[in-house]
Amino acid sequence: MDSDGTQDARGTHASPVPRPAGPPEVPAMPPRPPRAPATPPMPDGSAFLTWLRAPRPDAAPGVWRFGHRPRPAEEPEEIPTRQLLSGALIAFLVGWLIWSLLQNGYIGTWWWVPFDLIVPDAWRGGDSDLGETGTFIVYQGYELLVALGIMVGAARLGRWGEVWRRFVTPRFRRPEAPETRTAPEDDPAQWNELRAAGAADAAERLAGEARSGLMRDVDHARILRAWQGVRTGRHSLATFSGAVLKDGAAACLHPSGERDLPARLARHDLVTGQVRLGTTVDDARNPYAYRGTGLALGPDLLGTSLVAVGPAGSGKTGTVVRPLAESLCLHALAGRAAVVVVAAAGAGLGPADAYDVVVRIGNQESEYDLDLYGGTTDPDEAAAVLAEALVGDLADPHPGGDSRRSTTVLAQLLGPFRAVHGRFPSVPELRQLLDGAPGPFAALRQGLQEAGQESLLRELDARERQMGQPGDVGGVLGDRVALLDRPAFAGFFDTSGQSRPFTLKALDHPVRVRIDLPQRGHADASKMLARLVLAQFTASVAVREDRSLFACLLLDDATGVVTPEAVRGIQRLRSGNAGVVLTLRTLDDVARPLRGPLLGATGCRMALSGLTPWDGQDFAEVWGKEWTEARDVTDRQIIAETPAGKAVHMLRRVITGKAPTARAVTVRQVERERWSASELAHAVPAGHAVLSLTDVKGEHAPPLLVDLRG
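Using my numbering, read the sequence shown as starting at 9 and increasing by one per residue.
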């Protein structure tokens, strides 16, 4: 699309928002001078090259792949510490006892038989050809071999190797940096794919920039994105090579001119596209392959959407939304994603400099406005989106419910008004029409008659007949529009072309947007605006031309936003390479019939600490049950009656730390909930969450207990 998403309903054009880096020879707009990077480049490229060459093996969904070391799928059986150390000590004592008995001749000289059979007779006496020293060495050498044999046997019986690995090696192990040894043909810093395609000069320039410390992770990701455009035929090889030879690591810049964010709080890996949220706890309820690994999310998981539920203070904004917003802003600078962040003013989702567009609704100093009609010129489309925003929460909450009556009422007014005025009505004008003010209706009628718009005139007549009838939703719509017709919003939602309206049509470009909602004193209006943004987002991403660009909406506090139409829209996002992130304080903020569909429509579900048992029940139901092995153990203490038996029992107690028992074990398969409502409510520590994942390919990760502070 040629539109940059800043055109209002009449086609008027405001100052353009930042657009994506197009073909390198034709920048979309003059870039701003880049500010100093948050972290100055290294004097050499050692840090960058170490990061770039680090291993990133394939892993299960959600595993932080940077420097990851895969673990076995099943947990190996481990001997208890006391039993292991006792066994090692006893094996040593037994070996030492056997050697002592051999040395002192208490068990005969039979162990010299192999020596007598192998060694020549001339080597045994002191007057042999070897001399006294040689003879001594031969005899001592044989004794050493026997001692080594006894030691090896004792080591095997006492599992000395396992003792060494568990208790000695960790004390001397140094923190290991990710292995960076790569073959030249596989070295990503050499840009071999460019060389193979005939762009050797460009590859050499980029390799030199990497070695000299002039390249950073965003540059690498952005240039790979531009190279992807060459491979798909969107850009020519000559154009790409020319841009790289001219600007080096700064080639194909984002239109904002930025090469990094002002600051980073989370750990990012732009090679895999992941941001690290925490560490999977080493807990028996987690699969063994996940225990102790980093937990990370990326577009492959966010493409199935995420819903996070937890009370205030559980970390939804600081440990979930903020890192994800930061990651998606980095992806946007690399030309990979478009992100819209919606939250209350002052929510702490990054500085204004981290975004291209900041819409501060209710703040008269806001540089940008929000287009109430989503940038469309179709009255029916505008009516559907606006109806969802105004009364979507009042529609039938069952999955089959909709708001078609409200859409029809709005379409009966928006169509005639646009035909007469060439634009959609402002908030005060729309309120007058919904309230049935005689002046505006008369003016519309006269304009339609003069223009000969008979079909639209019939629409207007139908609206006049319905006003005041039982069940007419016009009054409800008027009351909802009145929430926006307040002095605090007087300068917003302008349709006359005097402001700079932002619309979500701009999601065809890698744009970074933050929308601040006026929570204090305007809670109902904020919920309505959040529904408006969500409705515009789901409608816009469905008609994008370039779906290789990942689009994501982060909605911090989705109270009152989840409607039947919103759930249907979320279900369609995966096919459009888009996703949403919703946070809720409790599932009670969602209508009861919609809770199951919402959890079913999102592939990633997070339950944070402090969840209520009734919220936990919904998560327990959607996560289902699994077959587990239940072991019923019955122990019966054995009573020794003889002195020898008592001595053996005492020895067993010293080794194992337990009284000798006869054990009966019954093993059976049972089906149990993965996480019960009670466990979710009471067994999740503060700063932790239980998270299940599904990626866009359909691979699943079971519910994982994650430390969001790690």
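Where is the CB? At the ideal position from N, CA and C, for every residue including glycine.
Fair warning: this is a prediction, and the values are worked out from it, not measured in the lab.
Spatial distance of residue i from residue j (CA atoms)
i	j	result
residue 50	residue 218	Confidence at residue 50 is low in this model, with a pLDDT of 42, below 50, so its placement is unreliable and the value that follows should be read with caution. About 10 Å.
residue 614	residue 627	9 Å
residue 53	residue 199	15 Å
residue 431	residue 580	30 Å
residue 699	residue 713	7 Å
residue 371	residue 378	12 Å
residue 71	residue 679	27 Å
residue 688	residue 640	25 Å
residue 364	residue 354	17 Å
residue 152	residue 92	27 Å
residue 392	residue 412	8 Å
residue 95	residue 297	29 Å
residue 255	residue 299	44 Å
residue 478	residue 485	15 Å
residue 717	residue 322	11 Å
residue 707	residue 493	47 Å
residue 2	residue 232	Residue 2 lies beyond the stretch modelled for the chain, which goes from 9 to 718, so this question has no answer here.
residue 212	residue 690	58 Å
residue 502	residue 215	50 Å
residue 239	residue 249	13 Å
residue 686	residue 624	7 Å
residue 638	residue 674	8 Å
residue 719	residue 544	Examination of residue 719 is not possible in this model, given that the chain is present from 9 through 718 alone.
residue 102	residue 79	36 Å
residue 450	residue 444	10 Å
residue 278	residue 234	15 Å
residue 73	residue 384	42 Å
Best match in the options for proximity to residue i [C-alpha to C-alpha]
i	options	result
residue 456	636, 210 and 428	428
residue 611	676, 305, 258 and 505	305
residue 583	337, 553 and 597	553
residue 309	336, 120, 528 and 327	336
residue 560	585, 540, 664 and 568	585
residue 206	244, 226 and 233	244
residue 302	396, 284 and 155	284
residue 704	307, 498, 475 and 265	307
residue 715	103, 490, 601 and 290	290
residue 229	342, 451 and 91	342
residue 6	504, 331 and 319	Absent from the structure is residue 6, since the part of the chain shown begins at 9 and ends at 718.
residue 295	525, 68 and 607	68
residue 82	269, 685 and 293	293
residue 696	327, 176, 224 and 445	327
residue 446	578, 208 and 475	475
residue 236	225, 260 and 352	260
residue 415	389, 402, 440 and 439	389
residue 587	660, 454, 656 and 347	347
residue 441	458, 111, 454 and 472	472
residue 225	268, 204 and 251	268
residue 90	79, 59 and 167	167
residue 437	404, 85 and 498	498
residue 575	565, 197 and 598	598
residue 367	270, 531 and 538	538
residue 386	397, 404 and 418	418
The ligand GDP heavy atom lying under 7 Å from the CB of residue i
i	result
residue 628	Although the ligand GDP was asked about, the structure shown includes no ligands whatsoever.
Contact under 8 Å by Cβ, residue i with residue j
i	j	result
residue 210	residue 202	yes
residue 562	residue 589	yes
residue 651	residue 682	no
residue 334	residue 358	yes
residue 620	residue 594	yes
residue 318	residue 618	yes
residue 157	residue 163	no
residue 369	residue 500	yes
residue 400	residue 511	no
residue 276	residue 338	yes
residue 324	residue 591	yes
Distance between beta carbons of residue j and residue i, contact taken as under 8 Å
i	j	result
residue 467	residue 424	6 Å
residue 602	residue 315	Their Cβ separation, rounded to whole angstroms, is 12 Å, which puts residue 602 and residue 315 out of contact at 8 Å.
residue 340	residue 519	7 Å
residue 669	residue 646	6 Å
residue 439	residue 490	6 Å
CB contact check: residue i to chain B, cutoff 8 Å
i	result
residue 208	Considering every chain present, this structure includes no chain B. It has just one protein chain.
What are the uninterrupted segments assigned as beta strand (DSSP E) that are 3 or more residues long and contained completely in the segment 246 to 299, given in chain order?
275 to 277 and 282 to 288
Exercise for review: Kindly provide the ranges of any beta strand (DSSP E) runs that are 3 or more residues long and lie completely inside the segment 620 to 682, ordered along the chain.
Suggested key: 633 to 645 and 669 to 681
TODO: Run through the segment 455 to 520 for me and flag every whole beta strand (DSSP E) of 3 or more residues, listed as ranges in chain order.
DONE: none
| Which parts of the segment 337 to 416 are runs of the alpha helix (DSSP H), unbroken and 4 residues or longer, counting only runs that do not cross its ends? | 387 to 399
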